[in-house]
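These protein sequences, in sequence, are chains A and B.
Each step along the first sequence adds one to the number in the numbering used here, with nothing skipped, and position 269 is 269.
Here the numbering used here = 1-based position in the second sequence + 434.
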Amino acid sequence: MANAYALGEAASRTTGQVDTLFLFITVVSLFFFLLVEGLLIYFAIKYRRRKGAEAAETPDIRGNLFLETVWTLIPTIVVASFFYYGYLVFRDIRTPSPGATDIHAVGRQWLFEFRYPDGRTSINELRVPAGSPVKLILSSDDVIHSFYVPDYRLKEDMVPGQYNTLYLHPDREGTYPILCAEYCGVAHSTMRAELIVMEPGAYAAWREKKEASAGQSLAEQGKALAEKSGCLGCHALEGKEKIGPNFGQGFGRKVLLADGTSVTADEEYIRESIYDPGAKVVKGYPAVMPTFKGSLSPDEVGAIIAYLKSLSGEKEREPEKEGEKAVEKEAREGKEAPSAHKGKELAETLGCLACHSIDGSVRAGPSFQGLFGRQVELEGGEKATADEAYLRESINLPRAKVVKGYPNVMPEFKGKISEEDLSALIAYLKTLKQ
Amino acid sequence: MRDTTWNGEQPQNGDAPRGYLEAKGIWAWVYTLDHKRIGVLYLYTTLFFFLVGGLFGLLIRIKLLFPGQHIFTNQTYNVLFTMHGALMIFLFVIPAIPSGLGNFFIPLHIGARDVAFPRLNLLSYWVFVAGILVILFSLVRPMDTGWTFYTPYSAQTAADVTTLSFGIFLIGMSSILTGLNFLVTIHKLRAPGMTWHRMPLFIWSMYATSIIQVLATPVVGITFLLLAMERVLGVGFFDPAKGGDPILFQHFFWFYSHPVVYVMILPAMGIISEVIPVFSRKPIFGYRAIAYSSVAIAAFGFFVWGHHMFVTGMSATAAIIFSLLTYSVAIPTAIKVFNWLATMYRGSITFESPMLYALTFIFLFVVGGLTGMYLGALGADIHVHDTYFIVAHFHYTMVGGTVMGLLAAVHYWFPKMTGRMLSETMARRAWLLMFIGFNVTFFTQFILGFEGMPRRYAEYPAQYQTLNIVSTVGSWVLATGVLIMFANFVRTLFRGAPAPPNPWKARSLEWQTGSPPPTENFEEIPTVTDWPYGYAGRQT
């Protein structure tokens with residue numbers, strides 16, 4: 001961020017636009033600031049009553065229609081210009097960029113996870129080539145977060161149960177901080193990531209290297225899910241329609257709804273229609289689709305959307321291969337990764353390390369280093385040993401036994417984590433015992 | 435019997451020096467139906483929480499001297515900024531002027547013996563106290579959600595959100611009852627001859643304020659009930675996992691909390707409209723424009739809440755409409771500022787402490803208002819939304835605006851309320867320190883915000899440290915000024931020189947009775963024949 005305010009090429013096209021808007025408002029406001037404060041000080045000095053002097057006779061001025069009209073109209077014009085200029089920049093920020101690469105960004109207490117069209121994910125690191133626009137599809141797994149890139153002058157909230165979109169125009173190479181701007185709990189201020197904009201050649205080379213480890217693409221996952229979840233029973237791909245609208249050519253189309261309004265079948269519409277099918281029913285179709293809330297996770301809905309897009313001819317661009325943590329890659333490449341290894345991976349992806357250090361330093365929670373097997377004093381005063389049973393309980397239901405001196409803020413993982421993963425995490429914690 | 439028809443002349447007043455403060459003992463306060471005593475109770479309570487909230491603010495600033503984890507844990511920091519916001523807003527800024535000074539001065543200003551419903555008034559105060567007790571009880575598991583209570587976080591945290599929001603629910607009840615009481619009082623109890631356009635502008639602003647309190651506060655009460663149902667009974671209003679919508683909470687919350695910033699600022703604007711003519715010895719300029727602009731601000735204020743949500747994924751259409759409506763509030767505000775300036779033009783101005791604070795209000799509020807121009811512009815707001823820019827803007831309007839207005843009023847009316855004159859020397863010293871300290875503390879935060887430092891950050895990237903240190907040092911200067919001011923209050927209560935009935939030679943009705951006023955305010959209800967701003971002519 002250090003160089004963000006230096007003159008020269010802007011980090012993104014939005015940077016320049018927003019800064020010019022700021023400059024415009026600043027110049028106009030400065031004029032009014034100097035006018036009002038200047039008059040305030042000038043009147044205070046000029047019309048002060050001097051000590052001991054004969055008091056002045058003050059005129060009986062009660063108003064002046066002309067003046068009052070002037071200073072009603074001028075502010076009206078000024079704020080109208082602010083509004084209009086602000087709107088122009090906003091319109092540009094919101095205008096979709098054709099050919100943008102879709103990347104899903106998910107906020108989670110307390111990390112950012114990025115999911116690329118080729119199915120891979122990365123944590124707290126978003127790598128993109130310079131010069132190609134990116135469409136971020138923002139959501140959250142828990143509470144509201146906000147995706148903020150100060151150098152781009154852009155932010156948009158990540159809301160659970162909703163997709164927001166944000167277009168990035170990475171014009172200049174560099175590393176830019178991504179910050180969470182919506183308060184999300186104890187580690188809110190350390191929920192930070194990096195946007196790495198690479199020279200296209202270097203990016204291609206880097207991707208080439210990663211290509212080998214690519215898994216199933218997001219659209220492929222979506223296809224499998226659509227088949228598995230029975231979508232195709234009612235939605236044909238193309239040709240003769242079944243009960244619901246065809247999937248092929250559906251995405252991105254404007255559709256007429258039963259209530260007479262129309263809506264664009266974009267990500268948010270599809271998500272809503274999967275979770276709450278009765279809300280916006282396309283005209284001419286019966287409102288019979290069941291909700292998939294609870295049976296399809298937000299990730300899975302994201303995959304299905306990618307699949308629908310791939311069908312609609314909105315051609316998925318060449319899948320971007322994306323950065324992974326070394327561990328993830330190793331885990332995928334290794335034949336049978338040891339359980340502790342998987343635990344380490346989980347500790348990173350679940351966000352444990354945002355609050356629990358592995359080097360003994362104190363963050364929001366006790367450090368993982370040397371935790372296993374240690375005697376801990378609990379909030380109530382009693383003691384407990386951090387054995388397997390204790391850790392299992394503390395991950396599932398953290399609020400039952402809180403270590404003295406630490407805030408009671410850890411989210412519950414019961415139901416969010418499988419038995420197998422739980423064992424892997426504990427195996428990992430064992431390796432940190434000293 | 436003396437002729438009590440009031441035509442702007444100073445009456446020769448021979449009231450008992452203790453006035454309404456005659457009755458002694460704690461029960462004379464607990465059971466009092468006198469609007470003046472209830473006003474004083476509110477003032478003591480709210481000013482106490484001003485000091486407590488200020489202490490939390492100082493601790494926040496101390497923690498932010500360092501970018502990493504220092505002094506407090508991050509969780510403690512989160513509790514500190516939550517309590518700073520919640521106490522300052524709900525227990526100080528909202529009630530201080532309306533419930534405290536409004537109670538004391540509305541009946542005096544309109545020539546009434548009390549408010550319309552004195553028993554309801556006493557009930558309002560004790561409901562307010564009950565709310566405070568519930569809030570203090572919630573500190574057992576202190577809140578860490580920020581004063582905005584955003585779901586789903588507030589529905590999930592282990593902190594005691596339910597208790598705290600119940601406390602605020604009670605405080606909202608008290609606020610509704612007070613607003614209702616004032617509306618009826620202003621409609622029904624004006625002295626003979628006091629037409630709507632002879633009312634002091636403070637009354638116009640309190641009238642507009644009361645409308646907002648009565649209409650908007652029920653919404654936040656209901657919202658907190660829904661939140662409690664979600665937390666306790668598991669009903670999914672806001673939790674997407676249960677079919678709810680977290681953004682709905684924000685709509686509900688800001689539908690109350692945006693109009694309520696006008697509950698905070700309108701009464702202060704009313705005070706400025708009183709103080710400027712008195713110390714300029716000149717009639718207020720554009721009386722009707724100022725009066726109607728208060729009502730306009732109250733009305734427009736109901737339609738702009740969406741500007742708190744520009745980055746929540748709101749539809750472009752809604753965002754554009756809310757941006758346009760937001761700017762509509764700027765116009766009546768600008769009219770007021772120009773009218774105050776025009777009142778000073780060709781005046782005969784003196785700078786006693788009430789005037790110093792009133793001029794400071796204009797000076798700082800202009801900065802708060804102009805920085806609001808960035809926030810109303812969609813393209814600019816997206817960058818500084820949820821950053822220190824907002825924090826600075828809010829403090830310039832609320833401290834630079836509301837608190838300076840409150841302090842102008844307290845210095846202006848202190849002789850009337852207590853019968854004693856404050857020390858001008860101490861008042862000026864306190865003012866100078868507060869003015870410098872405030873600007874150093876908060877102007878730096880505009881820069882921090884533009885440079886991208888998000889609000890509510892316990893830890894921050896190291897490049898922001900220098901400005902944070904400057905801001906923290908400013909907060910110490912500000913705090914020193916506040917302490918000197920309170921020392922002046924306390925000293926004066928015990929040892930201040932006795933105040934004459936009308937030390938500032940003001941013409942509104944409260945000054946035409948004793949200092950302090952007798953229990954039923956006026957020996958005989960005055961008859962009003964003119965507006966209260968007839969200051970033109972040879973000054974004495």
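We put the beta carbon where it would ideally sit given N, CA and C, even for glycine.
Mapping DSSP to helix, strand and coil, what is Gly735 of chain B?
helix
From which residue to which residue does the alpha helix (DSSP H) around Ile45 of chain A run?
Arg13 to Lys46
Candidates A:Ala187, A:Arg13, A:Ser12 and A:Ile25: which alpha carbon is nearest Ala814 of chain B's?
A:Ile25
The ligand SAH heavy atoms versus the CB of Arg127 of chain A: any closer than 7 Å?
Absent from the structure shown: the ligand SAH. Ligands present: none.
Counting Cβ pairs closer than 8 Å, one from the segment 622-641 of chain B and one from the segment 530-540 of chain B, do we hit at least three?
Between the segment 622-641 of chain B and the segment 530-540 of chain B there are three or more inter-stretch CB-CB distances shorter than 8 Å, so the stretches are counted as touching.
Using CA coordinates, which residue listed in A:Gln162, A:Leu218, A:Asp141 and A:Glu156 is at the minimum distance from Thr121 of chain A?
A:Leu218
Collapsed DSSP secondary structure at Cys231 of chain A in the structure displayed
helix
Which residues of chain A have a Cβ atom closer than 9 Å to the Cβ of Asn955 of chain B, listed in chain order?
Under the 9 Å cutoff, chain A gives no residues; its nearest Cβ is about 28 Å from Asn955 of chain B.
Going along the chain, which residues of the segment 62-90 of chain A sit with their C-beta nearer than 8 Å to a C-beta in chain B?
Arg62, Gly63, Asn64, Leu67, Glu68, Trp71, Thr72, Pro75, Thr76, Val79, Ala80, Phe82, Phe83, Tyr85, Gly86, Tyr87, Leu88, Val89 and Phe90
For Trp965 of chain B, is the classification buried or exposed, using 16 other Cβ atoms within 10 angstroms of its Cβ as the cut-off for buried?
buried
Between the Cα of His845 of chain B and the Cα atoms of B:Arg665, B:Ile681 and B:Val709, which residue gives the shortest distance?
B:Val709
Through-space distance from Pro951 of chain B to Gly613 of chain B, alpha-carbon basis:
Distance between the alpha carbons of Gly613 of chain B and Pro951 of chain B is about 23 Å.
Listing by chain order, which chain A residues have their CB less than 8 Å from the CB of Ala592 of chain B?
Arg399, Asn408 and Val409
Tell me, please, which residues DSSP counts as bridged to Cys355 of chain A.
Partner(s): none; Cys355 of chain A has no beta bridge.
Mind pulling the chain B residues with CB within less than 9 Å of Phe351 of chain A?
Contrary to the premise, residue 351 of chain A reads as Gly rather than Phe in this sequence. None at all; the shortest Cβ gap to chain B is about 15 Å.
Note down, in chain order, every chain A residue with its Cβ under 7 Å from the Cβ of Ala772 of chain B.
According to the sequence provided, residue 772 of chain B is Phe. The question's Ala does not apply to it. Result: Trp71.
Using CA atoms only, rank isn't needed, just tell me which of B:Phe880, B:Ser909, B:Leu557 and B:Ala913 is closest to Tyr898 of chain B.
B:Phe880
What residues are listed by DSSP as bridge partners for Pro160 of chain A?
A:Ser140
Pull up the DSSP beta-bridge partners for Gln375 of chain A, would you.
A:Thr385
Contact with chain A by His817 of chain B, beta-carbon distance below 8 Å:
yes
Name the two residues that bound the continuous alpha helix (DSSP H) containing Met778 of chain B.
Unbroken alpha helix (DSSP H) run through Met778 of chain B: Ala750 to Met778.
Taking 8 Å as the threshold (beta carbon to beta carbon), is Gln899 of chain B in contact with chain A?
Output row for Gln899 of chain B: interface = no.
Of all Cβ atoms in chain A, is any one closer than 8 Å to the Cβ of Gly733 of chain B?
Contrary to the premise, residue 733 of chain B reads as Ala rather than Gly in this sequence. No, no contact with chain A.
Residue burial classification, Gln375 of chain A (beta-carbon count within 10 angstroms, cutoff 16):
Exposed.
Kindly say whether Asn164 of chain A, judged by its beta-carbon, lies nearer than 8 Å to any beta-carbon of chain B.
yes
Got a sec, what are the start and stop residues for the beta strand (DSSP E) Arg172 of chain A sits in?
Unbroken run through Arg172 of chain A: none, as it is neither H nor E.
Quick one, which residues of the segment 523-538 of chain B are near chain A if we go by CB-CB under 7 Å, in chain order?
none
Show which residues of chain A have a CB atom less than 9 Å away from the CB atom of Ala970 of chain B.
Glu57, Thr58, Pro59, Asp60, Ile61 and Arg62
With distances taken Cα to Cα, identify the nearest neighbour of Ser418 of chain A among A:Lys135, A:Thr431, A:Met410 and A:Asn396.
A:Asn396
Taking Val143 of chain A as the reference, which of B:Trp581, B:Thr585 and B:Val745 has the closest Cα?
B:Thr585
For the alpha helix (DSSP H) containing Glu268 of chain A, list its first residue and its last residue.
Glu267 to Tyr275
Interface positions of the segment 712-745 of chain B facing chain A (Cβ-Cβ less than 9 Å), listed along the chain
Ser714, Arg715, Lys716, Pro717, Ile718, Phe719, Gly720, Tyr721, Arg722, Ala723, Met743, Phe744 and Val745
Under three-state DSSP, which class holds Ile959 of chain B?
Ile959 of chain B: coil per DSSP, three-state reduction.
Considering only DSSP beta bridges, list what Asp102 of chain A is partnered with.
Per DSSP, A:Lys135.
Comparing alpha-carbon positions, which option in B:Arg553, B:Arg547, B:Gln509 and B:Phe551 lies nearest Gly185 of chain A?
B:Gln509
Rounded to the nearest angstrom, what separates Leu659 of chain B and Leu570 of chain B at their Cα positions?
Leu659 of chain B and Leu570 of chain B have their alpha carbons spaced roughly 19 Å apart.
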